[in-house]
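According to the UniProt record's numbering, the sequence shown is numbered sequentially starting from 2.
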Amino acid sequence: TTKIAVFASGSGSNFQAIQQAIEDGKLDARIEIVVTDKPDAYVVKRAGNFNIAVFSFVAKQYASKADYEQEIIDTLKEHEVDWIILAGYMRLIGSTLLSAFSNRIVNIHPSLLPSFPGKDAIGQAMEHGVKVTGVTVHFVDEGMDTGPILSQAAVEVVDGDRSATEARIHAVEHELYTSTLQKLFKNEIKLVH
Ligand code: GAR
Numbered sequence: 002t003t004k005i006a007v008f009a010s011g012s013g014s015n016f017q018a019i020q021q022a023i024e025d026g027k028l029d030a031r032i033e034i035v036v037t038d039k040p041d042a043y044v045v046k047r048a049g050n051f052n053i054a055v056f057s058f059v060a061k062q063y064a065s066k067a068d069y070e071q072e073i074i075d076t077l078k079e080h081e082v083d084w085i086i087l088a089g090y091m092r093l094i095g096s097t098l099l100s101a102f103s104n105r106i107v108n109i110h111p112s113l114l115p116s117f118p119g120k121d122a123i124g125q126a127m128e129h130g131v132k133v134t135g136v137t138v139h140f141v142d143e144g145m146d147t148g149p150i151l152s153q154a155a156v157e158v159v160d161g162d163r164s165a166t167e168a169r170i171h172a173v174e175h176e177l178y179t180s181t182l183q184k185l186f187k188n189e190i191k192l193v194h
């Protein structure tokens with residue numbers, strides 16, 4: 002069983018999908034802890050519903066990004082976490098965390114990367130007028146949504162309807178993230194790069 006930490010800054014619907022897949026026997030992993038940079042985020046309530054411990058780290062309370070990330074690493078080590086799973090964690094991962102968890106950090110992003118990296122990928126896609134967007138699961142490197150791609154799925158845009166498009170993307174995310182993590186932990190994914 003792979004020990005994971007889920008990092009989230011927002012609603013936590015991907016956190017919940019991962020925990021649900023674990024409880025349904027579809028994903029052989031255990032969420033040891035949730036890490037958030039937003040103590041008021043809805044993910045905190047969701048984690049409470051599953052009795053999963055949440056650790057909040059407010060970045061501006063630290064002297065540097067390295068200090069902030071070192072504090073997180075100490076907590077991850079205490080809980081013997083093997084993998085970091087980013088699920089709507091809206092902060093760029095720095096070199097301190099990257100070197101402590103080298104090739105052990107995964108992210109989900111709501112577009113077909115390399116299109117529409119960064120913030121509000123769904124808004125960017127609608128603004129650009131693409132008819133098909135999607136979801137990408139990828140390894141995290143020092144860039145913004147640039148790491149090696151593990152899996153992707155296409156989602157058709159609902160013309161002029163952001164919330165309907167978003168609902169489709171979220172549904173695909175929940176399915177793709179859990180199935181990709183299961184393959185990753187079972188060593189069933191081959192990378193091109
Ligand atoms: C998800 O759509 C995820 O792909 C996105 O934030 C949302 C979090 O939703 N992440 C990014 O945009 C990262 N650049 P959730 O809190 O309900 O899981």
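Glycine included, C-beta positions come from ideal geometry on N, C-alpha and C. Values in this document were obtained by computation on a predicted structure and should not be read as measured data.
- Across the structure, R163 and M127 are spaced so that their CA atoms are roughly 7 Å apart.
- DSSP places G124 within a helical segment (H, G or I) once states are collapsed to three.
- When rounded, the separation of the alpha-carbon atoms in T2 and L185 is 12 Å.
- By the CB criterion at 7 Å, Q153 and G135 fall inside the cutoff.
- Per DSSP, reduced to three states, the secondary structure at S164 is helical.
- Inter-residue distance for W84 and V156 is about 28 Å (C-alpha atoms, whole angstroms).
- If you check the CB distance, T179 and L28 come in under 7 Å.
- Taking 7 Å as the cut-off, the Cβ atoms of T97 and Q62 do not count as close.
- When the Cα atoms are used, D142 and K191 turn out to be separated by approximately 17 Å.
- The closest CA to that of D121, considering only I73, I94 and D146, is found on D146.
- Here DSSP, grouped into helix, strand and coil, assigns E157 to strand.
- CA-to-CA, the gap between I170 and I23 works out to about 21 Å.
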